[in-house]
Amino acid sequence: MTVPVISITDLDHPPEDPGGNVDLIMAYGLPELDLRAVILEARDPGIAAVTQLNAIFGRNVPTAWCPSTRMSDPTDRMCDAPPAQQRGIDLLIHALADSPEPVHLLSFGSARPVAVAYNRAPKLFREKVARVHLSAGTAMDPQAVIRIVDSGLPLSLYPVAADDMYDSHNTYWMLPDLKWIEEMHPWLCRYLGYTLGGRSPQPDFLRVLDDDAPADSMADIYHRTHSVWETAAWMQVAGRVLVRRTDGCHSIIPATEVSAGDTVIRNEQVPCTVRATPNGRYEFELGGGGRTSVFVRDDPFEYEQAMADALPDLYQSFRPGNLS
0 MTVPVISITD
10 LDHPPEDPGG
20 NVDLIMAYGL
30 PELDLRAVIL
40 EARDPGIAAV
50 TQLNAIFGRN
60 VPTAWCPSTR
70 MSDPTDRMCD
80 APPAQQRGID
90 LLIHALADSP
100 EPVHLLSFGS
110 ARPVAVAYNR
120 APKLFREKVA
130 RVHLSAGTAM
140 DPQAVIRIVD
150 SGLPLSLYPV
160 AADDMYDSHN
170 TYWMLPDLKW
180 IEEMHPWLCR
190 YLGYTLGGRS
200 PQPDFLRVLD
210 DDAPADSMAD
220 IYHRTHSVWE
230 TAAWMQVAGR
240 VLVRRTDGCH
250 SIIPATEVSA
260 GDTVIRNEQV
270 PCTVRATPNG
280 RYEFELGGGG
290 RTSVFVRDDP
300 FEYEQAMADA
310 LPDLYQSFRP
320 GNLS
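First residue of the sequence shown? That's 0 in numbering that gives the first Met the number 0, and the numbers climb one at a time after it.
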């Protein structure tokens, strides 16, 4: 059985922050997931990235974009947004309506598309949303966060912090380099070379998948650090866990495949209560018997080292379909 998911992301083109472009590979590559749609909320939406991944994995995942301005209040339906920006809201609603089972919504960015779609179809959301996984920048659209937090929908929180913040509840960590990209499937290596700046964001973004980027450009990419926020949410929805093997190496594996000698490193959700504040932030307390939970890990630096060891192997394991 696969888990139906919809990704709501602020990835743009050309990418200002390529983290979302890198993380979207997990939505396509993890066999536990059934990606139903990609909803874009950036002012310059990353249609190119979705088209590239559809070509690489032999998929036809629909995508559209949403209003790029802030909501006026938590109940704003944004019906006055330009027609092109309405299509993402329509796609989100129709993807839920067409699904025979509840769908997980993974929201990375402002949470505006989820909030606006909920305002337009609250009954549908209560019936067809399995859980909202909220990894949102609260300052991006405060009214959207207030709406989602106060909606009563099943909610998993992944607090977002600045690059230099490490604590037990935020999901941030850093990869020390990107050398491991070289060992990925060639199509994915080329996709990331394009995304991360191995060549200019030229309009023929499918043709770049046919040939390797210049070696000197890729060498520059391989030496960069890379900030990560979204992996924790994809792992949670896919039912994957982070383990340390008896030989000291780390892996990201299905929870059903944990062996007796494995040590599970926390990457989980625990129950909490939450309330929105007037400035669009939220406050949570651990405990409670509701439908809200929050991300937790133990030592953030141990977690970072383990993830940095395990994530390259996961990405290198992804095997795309037929490029067309």
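Think of the CB as a built atom: it goes at the ideal place given N, C-alpha and C, for glycine as much as any other residue. None of these values were measured; they are calculated from a predicted model.
Could you tell me whether the Cβ atoms of Ala-305 and Ile-264 are closer together than 8 Å? What you label residue 305 is simply residue 306 of the sequence shown in a count that begins at 1. What you label residue 264 is simply residue 265 of the sequence shown in a count that begins at 1. A contact, by the Cβ cut-off of 8 Å.
Would you kindly work out how many angstroms separate the C-alpha atoms of Pro-17 and Cys-65, rounded to a whole number? Taking the first residue of the sequence shown as position 1, residue 17 is located at position 18. Taking the first residue of the sequence shown as position 1, residue 65 is located at position 66. C-alpha separation (whole angstroms): 19 Å.
Label Gly-28 either buried or exposed according to how many other C-beta atoms from any shown protein chain fall within 10 Å of its C-beta, with 16 as the threshold for buried. One-based indexing of the sequence shown puts residue 28 at position 29. Label assigned to Gly-28: buried.
Neighbourhood of Pro-112 by C-beta distance below 7 Å, restricted to the same chain and skipping five residues each side: For the purposes of this step, residue 112 is identified with residue 113 of the sequence shown, where counting begins at 1. Here the set comprises Ile-7, Ile-38, Glu-40, Cys-65, Gly-87, Ile-88, Leu-91.
From this set, Ala-63, Val-257, Leu-310, Met-234, which residue's C-alpha is nearest Arg-244's C-alpha? Numbered from 1 along the sequence shown, position 245 holds the residue referred to as residue 244. The option with the nearest alpha carbon to Arg-244 is Val-257.
Indicate whether Ile-5 and Ala-94 have their beta-carbon atoms separated by less than 8 Å. In the sequence shown, residue 5 corresponds to position 6, counting from 1. In the sequence shown, residue 94 corresponds to position 95, counting from 1. Yes; because the gap between Cβ atoms is below 8 Å, this pair is in contact.
In this structure, does DSSP put Leu-154 in helix, strand or coil? Here residue 154 is taken as the residue at index 155 of the sequence shown, counted from 1. Of the three classes helix, strand and coil, the one that applies to Leu-154 here is strand, per DSSP.
His-103 to Ala-214, Cα distance in whole Å? Within the sequence shown, the letter at position 104 stands for residue 103. Within the sequence shown, the letter at position 215 stands for residue 214. Taking the Cα positions, His-103 is about 39 Å away from Ala-214.
Spatial neighbours of Phe-283 within its chain, please: C-beta separation below 7 Å, excluding the five flanking residues on both sides. Taking the first residue of the sequence shown as 1, we reach residue 283 at position 284. Once the five neighbours on either side are set aside, the close Cβ partners of Phe-283 are Leu-156, Cys-271, Thr-272, Val-273, Val-293.
How far does the beta strand (DSSP E) with Leu-123 in it reach, from first residue to last? Within the sequence shown, the letter at position 124 stands for residue 123. Secondary structure note for Leu-123: it is in no beta strand (DSSP E), and the uninterrupted alpha helix (DSSP H) holding it is 121-127.
Excluding the five sequence neighbours on either side, which residues of its own chain have a C-beta within less than 8 Å of the C-beta of Ile-46, listed in chain order? By 1-based counting over the sequence shown, the position of residue 46 is 47. Same-chain partners within the cutoff: His-12, Leu-39, Thr-62, Trp-64.
For Arg-58, which option in Asp-43, Ala-80, Arg-35 has the closest C-alpha, if you only look at C-alpha atoms? The count along the sequence shown starts at 1 and reaches residue 58 at position 59. The option with the nearest alpha carbon to Arg-58 is Arg-35.
Is there contact here, the region 233-241 with the region 204-221, by at least three beta-carbon pairs under 8 Å? no
So, with DSSP's three-state summary, where would you put Trp-64? The sequence position of residue 64 within the sequence shown is 65, counting from 1. Reduced to three states, the DSSP call for Trp-64 is strand.
Restricting to Cα atoms, I'd like to know which of Pro-44, Gln-315, Ser-71 is closest to Ile-145. As a first step, residue 145 must be located in the sequence shown, where it is residue number 146. When each option's Cα is compared against that of Ile-145, the closest is Ser-71.
Considering only DSSP beta bridges, list what Ala-275 is partnered with. Here residue 275 corresponds to residue number 276 of the sequence shown, with the count starting at 1. Looking at the DSSP assignment, Ala-275 forms a beta bridge with Tyr-281.
Mind checking whether Val-242 and Thr-262 have CB atoms under 8 Å apart? Walking along the sequence shown from the start, residue 242 turns up at place 243. Walking along the sequence shown from the start, residue 262 turns up at place 263. Yes, these two residues count as a Cβ contact at 8 Å.
Quick check on the DSSP output: the alpha helix (DSSP H) that includes Gly-108 runs from which residue to which? To locate residue 108, count along the sequence shown from 1; it is residue 109. Element bounds for Gly-108: not the alpha helix (DSSP H) but the beta strand (DSSP E), 102-108.
Using a Cβ-Cβ cut-off of 8 Å (strictly less than) and excluding sequence neighbours within five positions of Thr-1, which residues of its own chain qualify? By one-based count along the sequence shown, residue 1 stands at place 2. Contacts found: Pro-30, Glu-31, Leu-32, Asp-33.
Local conformation of Val-240 per DSSP, three classes: For the purposes of this step, residue 240 is taken as the residue at position 241 of the sequence shown. Look at Val-240 here: in three-state DSSP terms it is strand.
Could you spell out where the beta strand (DSSP E) holding Leu-34 opens and where it closes? Here residue 34 refers to the residue found at position 35 when the sequence shown is read from its first residue. Residues 32-39.
Is DSSP giving His-168 helix, strand or coil here? Working through the sequence shown from its first residue, we reach residue 168 at position 169. Three-state result, His-168: coil.
In whole angstroms, give me the CA-to-CA distance for Asp-209 and Trp-186. By 1-based counting over the sequence shown, the position of residue 209 is 210. By 1-based counting over the sequence shown, the position of residue 186 is 187. Each residue's alpha carbon lies about 7 Å from the other.
What separation, rounded to the nearest whole angstrom, lies between the Cα atoms of Pro-99 and Asp-219? Looking up residue 99 in the sequence shown gives position 100. Looking up residue 219 in the sequence shown gives position 220. Rounded to whole angstroms, Pro-99 to Asp-219 spans 46 Å at the Cα level.
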